[in-house]
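A.B. asks: Attaching a single structure in structure tokens format; questions to follow.
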Amino acid sequence: MKINLKKYAKIDKKEHVMLHIQHRLPYFILTPCDLSCHFQVMAHGNYDLLSTEVGGKLQIICQRCLEPFEYAYHHVNELVICRTDAEAARYMTSFDCIVSQTGEVDLLEIITDELHLCGHEKHEDMALCQQVLASSASH
Ligand SMILES: [Zn+2]
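In this note's numbering, each residue carries its 1-based index in the sequence shown increased by 60.
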């Protein structure tokens, strides 16, 4: 889902889209997944700032017991979008940066990349993890 930064920078409010992600998901998330995304673009001279807030239910395969479980994903992020690599290098130390020479970014790709950093690949509550239940039952 390509978004034109100039066009959205003119809209002074958050936009909402539903994202249906079918490709490039991390191995521990069941495909497809549907996420709700609010986003806003703000122009800042030689870069644009893309704010995103993503939420929804992920079906995750626990990497400890291999049972699927539901995880309520919520992620807020800000991304600096530069025109050139040189500018990205300037902002990279303080912000997450990407380069777009076309003035467009693919929101689906950005949100999919974020899921790779989500890190919730195991039951957080050990009491729900089947491996823990199985090992405590054998004692
Ligand atoms: Zn588990």
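C-beta: ideal position from N, C-alpha, C; glycine also.
Fair warning: this is a prediction, and the values are worked out from it, not measured in the lab.
Nearer than 6 angstroms: is that true of the beta carbon of H180 relative to any heavy atom of ligand 1?
C.D. replies: Checking the Cβ of H180 against ligand 1 gives no.
A.B. asks: Relative to the C-alpha of F207, which candidate in R84, L168, E184 has its C-alpha closest?
C.D. replies: Outside the shown range of the chain, which is 61 to 199, sits residue 207, and nothing can be said about it.
A.B. asks: So does C50 have its beta carbon nearer than 6 angstroms to some heavy atom of ligand 1?
C.D. replies: Nothing can be reported for residue 50, as the shown portion of the chain is limited to 61 through 199.
A.B. asks: Can you find at least 3 beta carbon pairs, one from the region 93-108 and one from the region 63-71, that sit closer than 8 angstroms?
C.D. replies: Taking 8 angstroms as the limit for Cβ pairs, the verdict is that the region 63-71 does touch the region 93-108.
A.B. asks: Flag this pair as yes or no: are the beta carbons of L175 and P86 separated by less than 7 angstroms?
C.D. replies: Going by C-beta atoms, L175 is nearer than 7 angstroms to P86.
A.B. asks: Can you tell me the Cα-Cα spacing of D145 and Q119, whole angstroms?
C.D. replies: The alpha-carbon atoms of D145 and Q119 are separated by roughly 36 angstroms.
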